[in-house]
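Single-structure report; data block below.
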Amino acid sequence: MQIKLYTTPSCVYCRKAKDYFTSKKISFTELDVARNQQYAEEMVRKSGQMGVPVITIGNETIVGFDKPKIDRILNLN
1 MQIKLYTTPS
11 CVYCRKAKDY
21 FTSKKISFTE
31 LDVARNQQYA
41 EEMVRKSGQM
51 GVPVITIGNE
61 TIVGFDKPKI
71 DRILNLN
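For the sequence shown, the tail end lands on 77 under my numbering, and the numbers increase by one without skipping.
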C-alpha cells in the first residue's frame with residue numbers, strides 16, 4: 001500500500017509521523033510542501049487543508065498525526 005507523507009521541515013508532528021513509520025519499518029514517500037508548490041496543491045486537493053502533516057495511505061487521507069487511525073488502516077493492532 002502506497003503511503004505519502006506531506007510535510008514541512010519545521011513540523012514537529014511530521015517528524016513524529018516519519019519516526020513512527022520508520023520504527024515500524026513501513027516505507028513512505030515524503031513530499032515537502034514548503035519546497036514544492038505542486039505537492040502543496042496536491043495536498044490541499046486531497047485533504048482540503050493547508051496544515052501538515054497530511055498522510056495518504058492508499059485512498060485514505062489523514063490530516064495530522066492520528067496514530068490510531070494509521071494503525072487501523074494498516075492493521076497494526
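Where is the CB? At the ideal position from N, CA and C, for every residue including glycine.
Residue 3 and residue 58 have their C-alpha atoms some 7 angstroms from each other. Going by DSSP, residue 7 is part of the beta strand (DSSP E) stretching over 3-7. Residue state for residue 76 is assigned as coil, using DSSP reduced to three classes. Note on geometry: alpha-carbon atoms of residue 8 and residue 68 lie some 22 angstroms from one another.
Take the alpha-carbon of residue 44 and the one of residue 35: they are about 15 angstroms apart.
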